[in-house]
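Take a look at the structure below.
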Amino acid sequence: MNRYRFMQRMATGCFLAVLISCSTTRNLPEGEMLYTGIKKIEVTDKDDSKAYKLAMEEIEAALDYPPNNALFGSSSMRTPFPVGLWIYNGFVNKESKIGKWFFKTFAAKPVFISTVNPDVRTSIAHNLLRENGYFDGTSSYQLIPNKKNPRKSQVSYQLTMNHVYTFDSIRYIRTRSLADSLISVHADEELLRRGDPFRVASLEAERQRISSMLRGRGFYYHRPEFIVYQADTLMAPGKVWLHVMRKPGLPQSALSPFRIGNVSVSLKGYKGEEPNDSASYKGLTVYYENKLRVHPSALYKRVMFKTGELYSESNEQLTQTALSRLEIFRFAEMQFTPRDTARNNNILDLQINTLYDLPLNGELELNVTDKSNNLRGPGAIFSLSRNNIFGGGEVLKIEAKASYEWQTDKNLKGLNSYELGAGATLTFPSAVFPGFADRGLTYSTYTNINLNVDALNRSRFFRMVSFSGSLSYDFQPNAVHRHSFTPFRLTYNRMLSRTLEFDSIAALNPALLLSLSNQFIPALSYTYTYDDSPRDKNNHIWWQASITEAGNLLASGYAVAGNKWNHRGKKLLGNPFAQFIKVTGEFRYNYRIDDNNRLVMRIMGGAIYSYGNARISPFSEQFYIGGANSVRAFTIRSIGPGRFVPADPKTNRYAYIDQTGDLKLEANLEYRFRILGNLYGATFLDCGGVWLIRNDANRPGGTFNLSKLGNDLALGAGAGLRYDLDFLVVRLDLGVGLHLPYETSKHSYYNIPKFNDALGLHLAVGYPF
Numbered sequence: 013m014n015r016y017r018f019m020q021r022m023a024t025g026c027f028l029a030v031l032i033s034c035s036t037t038r039n040l041p042e043g044e045m046l047y048t049g050i051k052k053i054e055v056t057d058k059d060d061s062k063a064y065k066l067a068m069e070e071i072e073a074a075l076d077y078p079p080n081n082a083l084f085g086s087s088s089m090r091t092p093f094p095v096g097l098w099i100y101n102g103f104v105n106k107e108s109k110i111g112k113w114f115f116k117t118f119a120a121k122p123v124f125i126s127t128v129n130p131d132v133r134t135s136i137a138h139n140l141l142r143e144n145g146y147f148d149g150t151s152s153y154q155l156i157p158n159k160k161n162p163r164k165s166q167v168s169y170q171l172t173m174n175h176v177y178t179f180d181s182i183r184y185i186r187t188r189s190l191a192d193s194l195i196s197v198h199a200d201e202e203l204l205r206r207g208d209p210f211r212v213a214s215l216e217a218e219r220q221r222i223s224s225m226l227r228g229r230g231f232y233y234h235r236p237e238f239i240v241y242q243a244d245t246l247m248a249p250g251k252v253w254l255h256v257m258r259k260p261g262l263p264q265s266a267l268s269p270f271r272i273g274n275v276s277v278s279l280k281g282y283k284g285e286e287p288n289d290s291a292s293y294k295g296l297t298v299y300y301e302n303k304l305r306v307h308p309s310a311l312y313k314r315v316m317f318k319t320g321e322l323y324s325e326s327n328e329q330l331t332q333t334a335l336s337r338l339e340i341f342r343f344a345e346m347q348f349t350p351r352d353t354a355r356n357n358n359i360l361d362l363q364i365n366t367l368y369d370l371p372l373n374g375e376l377e378l379n380v381t382d383k384s385n386n387l388r389g390p391g392a393i394f395s396l397s398r399n400n401i402f403g404g405g406e407v408l409k410i411e412a413k414a415s416y417e418w419q420t421d422k423n424l425k426g427l428n429s430y431e432l433g434a435g436a437t438l439t440f441p442s443a444v445f446p447g448f449a450d451r452g453l454t455y456s457t458y459t460n461i462n463l464n465v466d467a468l469n470r471s472r473f474f475r476m477v478s479f480s481g482s483l484s485y486d487f488q489p490n491a492v493h494r495h496s497f498t499p500f501r502l503t504y505n506r507m508l509s510r511t512l513e514f515d516s517i518a519a520l521n522p523a524l525l526l527s528l529s530n531q532f533i534p535a536l537s538y539t540y541t542y543d544d545s546p547r548d549k550n551n552h553i554w555w556q557a558s559i560t561e562a563g564n565l566l567a568s569g570y571a572v573a574g575n576k577w578n579h580r581g582k583k584l585l586g587n588p589f590a591q592f593i594k595v596t597g598e599f600r601y602n603y604r605i606d607d608n609n610r611l612v613m614r615i616m617g618g619a620i621y622s623y624g625n626a627r628i629s630p631f632s633e634q635f636y637i638g639g640a641n642s643v644r645a646f647t648i649r650s651i652g653p654g655r656f657v658p659a660d661p662k663t664n665r666y667a668y669i670d671q672t673g674d675l676k677l678e679a680n681l682e683y684r685f686r687i688l689g690n691l692y693g694a695t696f697l698d699c700g701g702v703w704l705i706r707n708d709a710n711r712p713g714g715t716f717n718l719s720k721l722g723n724d725l726a727l728g729a730g731a732g733l734r735y736d737l738d739f740l741v742v743r744l745d746l747g748v749g750l751h752l753p754y755e756t757s758k759h760s761y762y763n764i765p766k767f768n769d770a771l772g773l774h775l776a777v778g779y780p781f
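FYI, the numbering for the sequence shown is 13 to 781, going by the working numbering.
Set out below in structure tokens:
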């Protein structure tokens, strides 16, 4: 009975909230006015210069303040149903327990004009105008009350830019000191240039550059604020004469380079227990509690300071990064202590204070899959990691996964499947390779040993098991270059059973049967990646190239034994092995128009050539296009190879599996823009295709022909939405097909028979590239 009354009261409360929904200001505090967003920002004397755009980005951010029920965080657009405000006004004065609970749970606190404080924001906008060189600029605001309800108001801001001041004369005033001599030597790196717009941000960047340069050469106590400016705007109209100088009265410690003295690491226990013992390794002293859980050599490799060397800010940052990537400590802080400076020793003793992190970490991931071939179902992945398992920062990760999918197409009932898998990965934070030392590298090197087993059951067709193992090295000499080398990777695919129905499908496509047959794939590969995103640039380049070969070492052994290189039937442990070489490349260019607009392009391609033991590449190594991260107008594996006409899925339920090839070309162009708040939009143009290297009678027109390349590329365009949640991006793309690479009932370039048949809707996480 009590539960019934509670539910009844809840329903009554909801009903009352609806009844009072006609007002969002009825019970606002006396003298307060509800803020309903920015009406507009009026700008006088605006232009298309970079200085204007940078100034407006900062000013708009300062004026931005979303009202109640803002649409995607927008300051000017609102959703039509301010439920939170309705509940606030209906229940703010309720004294009953239900009313108070309902208010506390569902009410939204009103955003008042006094909270937004447009007076202060206008002052901030005026200061930003001056900081961006618009010394004669002005700012103001006006309240625009709602005509129907004077207790609601929007805010309109007015800006007058006038002209921007530029640097006319820049002079660095130096003295006879080592610090000023270094500044003079690095004059070619100066960030301030004659003719550039005056910006406080540019002045701060130059101070930071000078300080970082000096701190990188031993000047530990130097700080950016030790560089001061004198500016004169009266010498010439619209011009700034600038003097850059050292702050007077600096202590001698700020003008002297320091060297490193004693270096030590203090290892606190899991609960913060203080060290009670010590050990020494190559001049590094390690203080620990009861048990030394990490090898001193692992710490030595990651501490970039050595006794007698000059202090370097970059070495401090590299040491911090290296210790963090070791994944042993919750934190690692560096403490530099000067010795007796009265005697001009200029020596810094370094102690690194750390706290051990807990060694075990578990993770459970649940997901639901919905594929373009109408297969959907749940899945789960559980992983357990043991950090620092051998005392050198090693990580052992054990993972188990399971998934089940069923076919939702009524015409294809019974095509259910499940997959089970388990794996283990052991990662060493160094190069486990004879004769290789990674101490000289800026970033840590990683060695990965991986073992996996997967069992796949496709009901009514086949059961397959796959075993794989690999050894790989990842190393990064600097911030933008990365290398990955896999000297050993062995995969074994074995078909446990297959049905007569699958045999009937395979009989019509021998290439399919060969690509899924029992075989070993012994391979080695190398991948190079260039990524300049860590650099402070407006436009970024990402480039990756990879080469993989399989079976050549084994084939060389057969050749030494007297067999011809191209002899077929070579086996490993009684099973044939694949022989191929595979090359891929991808180039991305991210062009920043401004903070709200970007143009991004991608070009990628690849080729795989099988020879010797087999003329058909393993299915898992072949190329395909289509899907959420490719040509988005088409579903995955639905186009190609070449001009091959795919079978009708109604007559061949596994038609999609034919859509792979030995060659691939793809290009994408995407314009990304902010719509409002955290909601972004995109328009895109995608094209791509896959081809065969050798003729296949079962896939006519599938081979590559350069003269017909234009018609062999599938083309699609579309638009999408992206909602940025900071920690991830949710993406919805709608692609529209414009051209199919094979002949259709339409004979123009736009040859899509039915508009609805060439629509691709994709819901995904993250950007496509």
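In this text, a Cβ means the ideal position worked out from N, Cα and C, and glycines have one as well.
As the structure is a prediction and not an experimental result, all values here were calculated from the model.
Distance, Cα to Cα, residue i vs residue j?
i	j	result
PHE270	GLN329	17 Å
ASN327	TYR735	38 Å
GLY281	PHE238	40 Å
VAL315	ALA344	11 Å
GLU201	GLY284	45 Å
ILE71	LYS549	22 Å
ARG90	PHE394	42 Å
ASN365	ALA334	14 Å
LEU190	LEU267	8 Å
LEU83	GLY689	8 Å
GLN347	ARG305	22 Å
THR48	TYR779	33 Å
LEU378	GLU411	13 Å
Going by DSSP in three states, residue i sits in which element: helix, strand or coil?
i	result
LEU155	strand
SER484	strand
GLY722	helix
HIS138	helix
GLN591	coil
PRO209	strand
ALA266	helix
ARG649	coil
ARG314	helix
PHE115	helix
Just to confirm, are residue i and residue j a CB contact at a threshold of 8 Å?
i	j	result
SER629	GLY700	no
ARG711	PHE781	no
LEU254	SER181	yes
ALA414	GLY389	no
THR715	ASN707	yes
ASN464	TYR430	no
PHE589	PHE646	no
ASN399	ASP369	yes
SER51	SER168	Going by the sequence as given, residue 51 is Lys instead of Ser. Yes. Within cutoff.
Alpha carbons only, please: which of the options is nearest the one belonging to residue i?
i	options	result
PHE635	MET346, PRO712 and LEU704	LEU704
ILE615	ILE687, PHE599 and LYS766	PHE599
LEU697	VAL612, ALA709 and ASN680	ASN680
TYR146	THR245, ARG163, ASP289 and GLU107	THR245
THR349	TYR153, LEU304 and SER265	SER265
LEU727	LEU744, GLY693 and LEU677	LEU677
PRO672	PHE474, ILE401, ALA467 and ILE620	The amino acid occupying residue 672 in the given sequence is Thr; Pro does not appear at that position. Nearest C-alpha to THR672: ILE620.
ARG472	THR127, LYS303, ASN428 and LEU226	ASN428
Given residue i, which residues of its chain have a CB within under 7 Å of its CB, disregarding the five upstream and five downstream residues?
i	result
ARG610	ASN602, TYR603, ARG604 and ARG684
ALA248	ASP180
ASN80	PRO94, GLY96, LEU97, ALA120, PRO122 and VAL123
PHE103	GLY111, PHE114, PHE115 and ALA119
GLY403	ARG305, VAL306 and HIS307
Taking only heavy atoms of the ligand NAD into account, decide whether any of them is closer than 7 Å to the Cβ of residue i.
i	result
SER558	The model depicted lacks the ligand NAD and carries no ligand whatsoever.
Keeping to the same chain, check which residues put their C-beta closer than 6 Å to that of residue i; ignore five residues upstream and five downstream.
i	result
SER324	GLY228
TYR538	PHE497 and ILE559
TYR184	VAL256
ARG176	The sequence shown places Val at residue 176, not Arg. Same-chain partners within the cutoff: ALA63, GLY145, TYR146 and PRO209.
LYS251	ASP180
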